Amino acid sequence: MPKFLLKRWHGYHIIILFAVAFLFVSVLTWYQWQIGIIGFFILGVVAIYAVQARIYFERDLEKYILTLSYRVSKAGEDAVTKMPIGILLFNEERKIQWANPYVTSVITTDVIGKQIEEISEELRTLLDDGINSDTIKIGDLVFHVSIEADERLIYFLDVTEKEEVQERFEETQTVVAFILLDNYDEVTQGMEDQLRSRLVSQVTLTLNNWANEKQIFLRRTASDKFIAIMNVKALKEVEKNRFDILDQIREITGKEKVPITLSIGVGTGEDSSRELGLLAQSSLDLALGRGGDQVAIKRKNGKVTFYGGKSNALEKRTRVRARVISHALRDFVLESEQVFIMGHKNPDMDAIGASIGVQKIAEVNETEGYIVLDPNDINHDVQKLMEEVESHDDLWSKFITPAEALEQITSDTLLIVVDTHKPSLVIEEALLNKVERIIVLDHHRRGEEFIKDPVLVYMEPYASSTAELVTELLEYQPKKLKMDRLEATALLAGIIVDTKSFAVRTGARTFDAASFLRSNGADTALVQRLLKEDLDHYVKRAKLVESAEFYHDGLAIATANEEETYSQILIAQAADTLLTMKGIVASFVISKRKDGIISISARSLGEVNVQVIMEGMNGGGHLTNAATQLEGMTMNEAKEQLQHAIDDYLEGGKS
Numbered sequence: 001m002p003k004f005l006l007k008r009w010h011g012y013h014i015i016i017l018f019a020v021a022f023l024f025v026s027v028l029t030w031y032q033w034q035i036g037i038i039g040f041f042i043l044g045v046v047a048i049y050a051v052q053a054r055i056y057f058e059r060d061l062e063k064y065i066l067t068l069s070y071r072v073s074k075a076g077e078d079a080v081t082k083m084p085i086g087i088l089l090f091n092e093e094r095k096i097q098w099a100n101p102y103v104t105s106v107i108t109t110d111v112i113g114k115q116i117e118e119i120s121e122e123l124r125t126l127l128d129d130g131i132n133s134d135t136i137k138i139g140d141l142v143f144h145v146s147i148e149a150d151e152r153l154i155y156f157l158d159v160t161e162k163e164e165v166q167e168r169f170e171e172t173q174t175v176v177a178f179i180l181l182d183n184y185d186e187v188t189q190g191m192e193d194q195l196r197s198r199l200v201s202q203v204t205l206t207l208n209n210w211a212n213e214k215q216i217f218l219r220r221t222a223s224d225k226f227i228a229i230m231n232v233k234a235l236k237e238v239e240k241n242r243f244d245i246l247d248q249i250r251e252i253t254g255k256e257k258v259p260i261t262l263s264i265g266v267g268t269g270e271d272s273s274r275e276l277g278l279l280a281q282s283s284l285d286l287a288l289g290r291g292g293d294q295v296a297i298k299r300k301n302g303k304v305t306f307y308g309g310k311s312n313a314l315e316k317r318t319r320v321r322a323r324v325i326s327h328a329l330r331d332f333v334l335e336s337e338q339v340f341i342m343g344h345k346n347p348d349m350d351a352i353g354a355s356i357g358v359q360k361i362a363e364v365n366e367t368e369g370y371i372v373l374d375p376n377d378i379n380h381d382v383q384k385l386m387e388e389v390e391s392h393d394d395l396w397s398k399f400i401t402p403a404e405a406l407e408q409i410t411s412d413t414l415l416i417v418v419d420t421h422k423p424s425l426v427i428e429e430a431l432l433n434k435v436e437r438i439i440v441l442d443h444h445r446r447g448e449e450f451i452k453d454p455v456l457v458y459m460e461p462y463a464s465s466t467a468e469l470v471t472e473l474l475e476y477q478p479k480k481l482k483m484d485r486l487e488a489t490a491l492l493a494g495i496i497v498d499t500k501s502f503a504v505r506t507g508a509r510t511f512d513a514a515s516f517l518r519s520n521g522a523d524t525a526l527v528q529r530l531l532k533e534d535l536d537h538y539v540k541r542a543k544l545v546e547s548a549e550f551y552h553d554g555l556a557i558a559t560a561n562e563e564e565t566y567s568q569i570l571i572a573q574a575a576d577t578l579l580t581m582k583g584i585v586a587s588f589v590i591s592k593r594k595d596g597i598i599s600i601s602a603r604s605l606g607e608v609n610v611q612v613i614m615e616g617m618n619g620g621g622h623l624t625n626a627a628t629q630l631e632g633m634t635m636n637e638a639k640e641q642l643q644h645a646i647d648d649y650l651e652g653g654k655s
């Protein structure tokens with residue numbers, strides 16, 4: 001019996017009470033011995049009762065403790081055998097030594113002597129990785145697993161119902177989508193009413209059938225606009241089919257010889273309907289900025305997923321839009337003290353030519369314009385152009401370094417970014433943060449990364465080059481234009497390089513721009529001299545082309561040796577050269593650069609969307625011209641990753 005417990009009932013306070021009582025009875029006996037005898041008798045009876053009470057208390061307490069111990073032990077046994085929690089013991093070889101009845105009745109029977117991986121491969125992985133807690137699936141049930149590695153003990157808690165409720169909650173979250181018929185107004189303008197009505201009816205019927213099949217609420221809000229409300233489960237279903245509605249609409253309108261396609265912007269992951277609408281509109285803007293005929297899905301975490309983009313971007317600009325943009329650009333230039341023009345890192349002929357063209361716009365409007373260029377980061381292919389510029393004193397004085405630009409910035413400085421819209425690709429990203437007004441002129445399809453809050457954006461993904469866009473802006477400048485021979489030649493060279501001498505991505509407007517430049521002094525002979533390449537450069541490219549091999553029909557992959565390095569421009573040129581070969585509809589060139597990064601350049605004739613393939617490898621570009629860079633892997637690993645991306649694209653029906 002614990003002494004502290006006995007002291008609570010029979011401690012010194014009881015002894016003191018008896019001592020005091022004995023003292024008082026003794027004094028009373030001195031004066032009245034008869035009463036004292038009675039007092040001693042009563043005191044003796046009380047003492048006997050106290051001793052018996054102690055004996056009974058000890059006996060009852062011991063009995064209670066024994067009963068409680070039995071109940072606790074019994075409860076522990078019942079908990080191990082009857083509670084809905086699995087318990088499993090294993091030895092050093094991960095062979096199961098013991099399991100409670102719950103494991104054998106719910107998870108699997110006859111587990112004794114089996115290896116852990118026979119119960120679940122995920123369990124073996126958790127043990128290998130030293131993970132003490134995780135959720136795994138065994139059969140149709142989901143368990144939260146807790147592992148006591150030191151005791152070689154595993155607990156299983158059935159969380160199937162919780163996971164099902166969580167999954168049901170996530171699947172019923174609201175998703176908003178905006179659907180737009182690309183180029184509807186331009187294509188149907190002047191069309192016969194009967195043909196237009198039939199076309200619209202076919203498109204609407206197809207969309208409604210698709211919506212009914214996928215459990216989507218669809219309503220038309222304008223002649224070319226729809227709004228769709230669905231849940232996450234329906235979104236996953238249409239994602240599984242890679243939004244085949246794009247192909248259906250393209251096929252229907254193609255039969256009528258009318259190039260109408262769909263652009264869809266989807267917003268998901270937000271609780272607020274307003275935020276979902278804003279995400280959907282932002283996604284639609286992104287899909288349209290990339291050329292249309294595709295789906296952009298924006299989630300709350302900022303991740304964007306694209307589907308489609310199979311067809312080439314339709315020519316949607318008008319001369320009115322070019323004139324409006326040109327006048328708006330002129331107004332911004334006139335309001336500025338100075339203009340900085342900046343292209344992308346390692347600028348090519350298009351970026352340099354477009355920069356020179358924009359500088360001419362600033363000059364025409366009597367505003368100081370400067371082209372930001374890093375002399376240590378110049379593309380090999382523009383070296384001859386820069387040598388010509390250096391011999392042209394007036395034009396060369398307009399080139400400044402990024403450091404000089406940062407020093408010269410004022411509150412009235414205008415920054416014009418050409419041939420890119422991604423902050424991470426500009427020559428000097430710090431300029432973006434120091435200049436209040438930024439204008440973006442680009443011909444690439446819009447990506448997820450974009451310069452923040454530009455005051456004016458002129459992005460036309462169907463255009464051949466930024467030089468073409470800038471040439472049109474020059475045409476519509478109100479003041480009379482007089483171009484120098486080198487300025488016009490630089491712009492023409494940018495167009496020729498990006499169109500592969502007017503062979504790809506060339507429209508009627510491209511020839512109009514080239515004609516304008518030729519009439520303003522562009523020298524085609526000088527262009528040819530600027531584009532000449534060295535013999536050793538040609539031999540290196542031929543060596544890359546020689547390594548090409550076919551992967552699927554019409555797809556060629558060239559892979560450089562692990563030890564060899566090539567410049568980015570040479571890799572791109574090798575891809576262009578491969579595309580001119582018979583039987584090749586898309587080419588991919590993989591090579592290591594001098595900085596150790598593996599670069600992949602992709603080209604196609606339009607049948608294969610290389611942009612989608614490269615985006616699958618965290619790259620980007622155009623439908624016919626794209627690239628990506630990879631780090632931390634070997635050439636063979638890069639090739640395998642490319643092959644997986646191609647397979648994924650082909651399995652998706654080239655959509």
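Just so you know, the sequence shown maps onto residues 1 to 655 in UniProt numbering. Ideal Cβ placement from N, Cα and C applies to all residues, glycine included. Since the structure is predicted, the reported quantities are computational estimates derived from the model, not experimental observations.
Could you check where the beta strand (DSSP E) with asparagine 208 kicks off and where it finishes?
-> Counted from its first residue, the sequence shown places residue 208 at position 208. Counting along the chain, asparagine 208 falls outside any beta strand (DSSP E), though it belongs to the alpha helix (DSSP H) covering 193-213.
CB leucine 373 to CB phenylalanine 399, shorter than 7 Å?
-> Counted from its first residue, the sequence shown places residue 373 at position 373. Counted from its first residue, the sequence shown places residue 399 at position 399. Contact flag set, yes.
In this structure, does DSSP put alanine 99 in helix, strand or coil?
-> Position 99 of the sequence shown, counted from the start, is the residue given in the question as residue 99. Correct three-state label for alanine 99: strand.
Name the residue from Ala211, Thr634, Ala572, Val364 whose alpha carbon lies nearest to the alpha carbon of alanine 626.
-> Sequence index remark: in the sequence shown, residue 626 carries index 626 (1-based). Sorting Ala211, Thr634, Ala572, Val364 by C-alpha distance to the C-alpha of alanine 626 places Ala572 at the top.
Indicate whether methionine 230 and valine 175 have their beta-carbon atoms separated by less than 7 Å.
-> For this step, residue 230 is matched to residue 230 along the sequence shown. For this step, residue 175 is matched to residue 175 along the sequence shown. Yes. Within cutoff.
Using 10 angstroms around the beta-carbon of glutamine 383, count the other beta-carbons present and answer buried if the total reaches 16, otherwise exposed.
-> On the sequence shown, residue 383 is found 383 positions in, with the first residue counted as 1. Glutamine 383 should be labelled exposed.
Residues near methionine 386 in its chain [Cβ-Cβ closer than 8 Å; skip 5 each side] = By 1-based counting over the sequence shown, the position of residue 386 is 386. Listed in chain order, the non-local C-beta contacts of methionine 386 below 8 Å within the same chain comprise Ile352, Ile378, local neighbours out to five positions each way being set aside.
Can you name, in chain order, every residue of its own chain whose Cβ lies under 6 Å from the Cβ of threonine 253, other than the five neighbours on each side?
-> The sequence position of residue 253 within the sequence shown is 253, counting from 1. The beta carbon of threonine 253 is closer than 6 Å to those of Ile260 in its chain, skipping five residues each way along the sequence.
Once you ignore the five residues that flank threonine 160 on each side, which residues in its own chain have a CB closer than 6 Å to its CB?
-> For the purposes of this step, residue 160 is taken as residue 160 along the sequence shown, with counting starting at 1. Excluding five sequence positions before and after threonine 160, the CB atoms of its chain that fall closer than 6 Å to its own CB belong to Leu141, Val142, given in chain order.
Can the beta-carbon of valine 145 be found less than 7 Å from the beta-carbon of isoleucine 136?
-> Counting from one through the sequence shown, the residue named residue 145 turns up at place 145. Counting from one through the sequence shown, the residue named residue 136 turns up at place 136. Remark: C-beta atoms of valine 145 and isoleucine 136 approach each other more closely than 7 Å.
Along the chain, where does the beta strand (DSSP E) that runs through leucine 548 open and close?
-> The residue labelled residue 548 in the question sits at position 548 within the sequence shown. For the sequence presented, residue 548 should be read as alanine rather than leucine. Segment 548-550, the beta strand (DSSP E) holding alanine 548.
Helix, strand or coil for arginine 54, going by three-state DSSP, please let me know.
-> Counting from one through the sequence shown, the residue named residue 54 turns up at place 54. In the structure shown, arginine 54 falls within a helical segment according to DSSP collapsed to helix, strand and coil.
Applying the criterion that 16 or more other CB atoms from any shown protein chain within 10 Å of the CB defines a buried residue, is glycine 343 buried or exposed?
-> Within the sequence shown, numbered from 1, the residue matching residue 343 stands at position 343. That one is buried.
Leaving out five residues before and five after arginine 330 in sequence, what residues of the same chain have Cβ atoms less than 8 Å from its Cβ?
-> The residue you call residue 330 lines up with position 330 of the sequence shown. Only Ile361, Asn365, Gln477, Pro478 meet the Cβ criterion.
Check whether glycine 44 and leucine 28 have beta carbons under 7 Å apart | Here residue 44 refers to the residue found at position 44 when the sequence shown is read from its first residue. Here residue 28 refers to the residue found at position 28 when the sequence shown is read from its first residue. No, these two residues do not count as a Cβ contact at 7 Å.
Answer yes if the segment 393-409 comes into contact with the segment 429-438, meaning at least three C-beta pairs across the two stretches below 8 Å, and no otherwise.
-> Contact between the segment 429-438 and the segment 393-409 is present, because at least three Cβ pairs lie under 8 Å.
Taking contact to mean at least 3 C-beta pairs separated by less than 8 Å, is the segment 634-648 in contact with the segment 610-624?
-> Cβ pair count under 8 Å is three or more, so yes.
Excluding the 5 residues preceding and the 5 following glutamate 368 in the sequence, name in chain order all residues of the same chain whose CB lies nearer than 8 Å to its CB.
-> On the sequence shown, position 368 is the one that residue 368 refers to. Excluding sequence neighbours, glutamate 368 sits near Glu337, Gln338, Val339, Ala362.
Below 7 Å between beta carbons: does that hold for threonine 466 and aspartate 512?
-> For the purposes of this step, residue 466 is taken as the residue at position 466 of the sequence shown. For the purposes of this step, residue 512 is taken as the residue at position 512 of the sequence shown. No; because the gap between Cβ atoms is not below 7 Å, this pair is not in contact.
Assigned exposure category for glutamine 189 - 16 Cβ within 10 Å defines buried | Your numbering for residue 189 matches position 189 in the sequence shown. Exposed, by the Cβ-count rule.
If you drop the 5 nearest sequence neighbours on each side, which residues of the same chain put their C-beta closer than 6 Å to that of leucine 334?
-> The residue given as residue 334 occupies position 334 in the sequence shown. Within the same chain, leucine 334 has close Cβ partners Asn365.
For histidine 13, which beta-bridge partners are listed by DSSP?
-> Translated into the one-based positions of the sequence shown, residue 13 becomes position 13. Histidine 13 pairs with nothing; no bridge assigned.
Which class does asparagine 365 belong to by DSSP, given the choice of helix, strand or coil?
-> Counting from one through the sequence shown, the residue named residue 365 turns up at place 365. Correct three-state label for asparagine 365: coil.
Report the option in Leu126, Glu563, Ala556, Lys594 whose CA atom is closest to the CA atom of leucine 578.
-> In the sequence shown, counting from the first residue as 1, residue 578 sits at position 578. Checked all of Leu126, Glu563, Ala556, Lys594; the closest Cα to leucine 578 is Ala556.
Beta carbon of alanine 638, beta carbon of leucine 650: below 7 Å?
-> Within the sequence shown, residue 638 is the residue found at index 638, counting from 1. Within the sequence shown, residue 650 is the residue found at index 650, counting from 1. No. Outside cutoff.
For glutamine 32, three-class secondary structure by DSSP | Taking the first residue of the sequence shown as 1, we reach residue 32 at position 32. Three-state result, glutamine 32: coil.
Touch check for the segment 468-475 and the segment 506-526: three-plus C-beta pairs under 8 Å?
-> Yes, the segment 468-475 is in contact with the segment 506-526.
Which residues bound the alpha helix (DSSP H) around glutamate 237?
-> Taking the sequence shown and counting its residues from 1, one reaches residue 237 at position 237. Start and end: 232-240.
Assuming leucine 486 and histidine 392 make a contact with CB atoms under 8 Å, what is their CB distance in whole Å?
-> As a position in the sequence shown, residue 486 is number 486, starting the count at 1. As a position in the sequence shown, residue 392 is number 392, starting the count at 1. Their Cβ separation, rounded to whole angstroms, is 5 Å, which keeps leucine 486 and histidine 392 in contact under 8 Å.
Which term fits glycine 130, buried or exposed, when burial requires 16 or more other beta carbons within 10 angstroms of its beta carbon?
-> Counting from 1 along the sequence shown, the entry for residue 130 is found at position 130. Burial call: exposed.
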